[in-house]
Amino acid sequence: MRSPLLEPYHGPALRLPNRVAMAPMTRSRADDATGVPTAIMTEYYTQRAAAGLIVSEGIWPHRLGKGGPGVPGLTDPAQVEGRRRITRAVHAAGGRIFAQLWHVGRVCHPDLLGGAQPVAPSAVAVSHGSIHTAAGPRDYVRPRAMSAGEVVEAVEAHAAAARNAVDAGFDGVEVNGAYGYLLAQFLSDSANLRTDVHADRVRFAVEVVEAVAAAIGADRTALRISPDNRLHDIVESDPAGRYHRLVDALDGMGLAYLHVVQSGEYPAPADLRPRWRGTLVGSYDGPEPGGREQAERALRTGLADVYAFGRLFLANPDLPQRIAAGAALNAPRESGLYGGGAEGYVDYPSLAAG
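Terminal number for the sequence shown in the working numbering: 393, no gaps in between.
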């Protein structure tokens, strides 16, 4: 039986040759001083152009949103031109690629920001763990609570970066509202202690998505969420109620897609699917990578229209071809995920190499 992952998808805003998406994965291979992509990044994405849709690594939309050394930006002409080289190569290889906009908020350190203090909804630090910097791991610091004006500035920065993404040739933009970063901090009980209008924990995420959609069109705008994910000290006391409100606020906008990561106890895809009339991209984040069988089940049962793979796409640049051939999959090597050098870009064997 032909895998549903290999069937074309024709949705309200997306037309894809297959339903195998590449999830965004932090790669840290841009020039650290400038945020401009390097040549190896073009090769990395072009190798994976057989995906129905590629979502890029997170790209900072604001100078205070940078999440690590070597993370690219999308705020100035040099960064736009560097990205244009990537999108041209992906399109020439027959692919489609969205840019993920990633403002990390408090999940940061002054070493990454030229000495500036990280910002967040409230002055509440991540209480454990560390963040990687060029000088090595650093403990998280207490962030500075964003002023009302800085909240508006962050919204506008996402819209400006989205315009830059389209100028750079991306087919659309995915806003990162997942994994304890800035949008998820606003959504969280533990990180958002505000008493102004953004005490409404859904409001900031809606404002960002609306601003991006106004800048580039709703049909080129998407949002990624990871309900009930507790990474980076995130607590959501009522994930069902909170994400019902968020999805209901966005459902009628005609977005390109909603990307829902199953990563907590709350069964987000099953609960949110009936409330979302547009395209839903599903993915799974657990101790082991989400596999083909899990993805096919989600497609056949209607929990997702497209399925995004992360670690498996890292190790298998030709993942759609491997699925079509019923071939064995390369296992991701832990050292290739965020390690030094080029590993994870070019050194996994292809199907053609046997």
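By construction, the Cβ of each residue, glycine as well, lies at the ideal position given by its N, Cα and C atoms.
Assign residue i to one of three DSSP states: helix, strand, or coil.
i: Asp178; result: strand
i: Val345; result: strand
i: Thr126; result: helix
i: Tyr323; result: strand
i: Phe243; result: helix
i: Val212; result: strand
i: Gln139; result: strand
i: Arg41; result: coil
i: Tyr296; result: strand
i: Arg314; result: helix
i: Ala34; result: The shown model of the chain, from 40 to 393, leaves out residue 34, and the question about it has no answer.
i: Ala60; result: strand
i: Ile362; result: helix
i: Ala261; result: strand
i: His271; result: helix
i: Val190; result: helix
i: Gly280; result: helix
i: Gly291; result: helix
i: Pro371; result: coil
i: His148; result: coil
i: Pro308; result: helix
i: Arg336; result: helix
i: Arg233; result: coil
i: Ala72; result: coil
i: Arg66; result: coil
i: Asn355; result: coil
i: Val205; result: helix
i: Ala164; result: coil
i: Ala217; result: coil
i: Ala132; result: coil
Using 10 angstroms around the beta-carbon of residue i, count the other beta-carbons present and answer buried if the total reaches 16, otherwise exposed.
i: Ala415; result: The shown model of the chain, from 40 to 393, leaves out residue 415, and the question about it has no answer.
i: Ile136; result: buried
i: Ala72; result: exposed
i: Ser95; result: buried
i: Pro111; result: buried
i: Gly365; result: exposed
i: Asp210; result: buried
i: Arg181; result: exposed
i: Arg240; result: buried
i: Val300; result: buried
i: Gly329; result: buried
i: Arg316; result: exposed
i: Met40; result: exposed
i: Ser42; result: buried
i: Ala337; result: buried
i: Val345; result: buried
i: Glu275; result: buried
i: Ser318; result: Just to set this straight, residue 318 is Thr in the shown sequence, not Ser. Burial call: buried.
i: Glu213; result: buried
i: Glu246; result: buried
i: Ala238; result: exposed
i: Arg233; result: buried
i: Leu55; result: buried
i: Arg145; result: buried
i: Asp287; result: exposed
i: Pro313; result: exposed
i: Asp235; result: exposed
DSSP beta-bridge partners for residue i?
i: Tyr48; result: Leu55
i: Gln301; result: Tyr323
i: Ala159; result: Ala184
i: His171; result: Pro176
Please list the segments of the beta strand (DSSP E) lying wholly inside the stretch 74-120, counting only runs of 3 or more residues, in order along the chain. Entirely contained in the stretch 74-120, the beta strand (DSSP E) runs reaching 3 residues are, in chain order, 92-98.
Please confirm if the stretch 157-171 is in contact with the stretch 116-125, defined as three or more CB-CB distances below 8 Å between the two stretches. no
Would you call the stretch 258-270 and the stretch 279-297 in contact, with 3 or more CB pairs under 8 Å? yes
Looking at C-beta atoms only, is the number of pairs between the stretch 175-190 and the stretch 73-83 that lie closer than 8 Å three or more? no
Report yes or no: do three or more beta-carbon pairs, one from the stretch 268-276 and one from the stretch 242-255, lie closer than 8 Å? no
Touch check for the stretch 222-233 and the stretch 154-164: three-plus C-beta pairs under 8 Å? yes
Taking contact to mean 3 or more Cβ pairs, one atom from each stretch, closer than 8 Å, check whether the stretch 46-60 and the stretch 344-364 are in contact. yes
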